[in-house]
Amino acid sequence: SSLRFLLVGASVLIPMILIYTAYSYWVFRGKISHDDGYH
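In structure tokens, the structure reads:
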């Protein structure tokens, strides 16, 4: 039963993480220029 709980939790969390990551890239895609780099 704990394995089923883990599977349900992962199947909910992993898509949320992927969607949040894609959303972050989409929001910040225009904010950084190529020459900025890391400071």
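Numbering (this note's numbering), first residue to last: 20 to 58.
Just so you know, even glycine gets a beta-carbon here, dropped at the ideal spot from N, CA and C.
Please read these numbers as outputs of a predicted model, since none were measured by experiment.
_As assigned by DSSP and simplified to three states, the class of Ser-20_ = It is coil, neither helix nor strand.
_Please report the distance separating the alpha-carbon of Phe-24 from that of Leu-32._
Approximately 12 Å between the Cα atoms of the pair.
_According to DSSP, simplified to helix, strand and coil, what is Gly-49?_
Looking at Gly-49 - three-state DSSP - the assignment turns out to be coil, as it is neither helix nor strand.
*asked:* Rounding to the nearest angstrom, what Cα-Cα distance links Ala-41 and Ser-20 in this structure?
replied: For Ala-41 and Ser-20, the distance between alpha carbons rounds to 32 Å.
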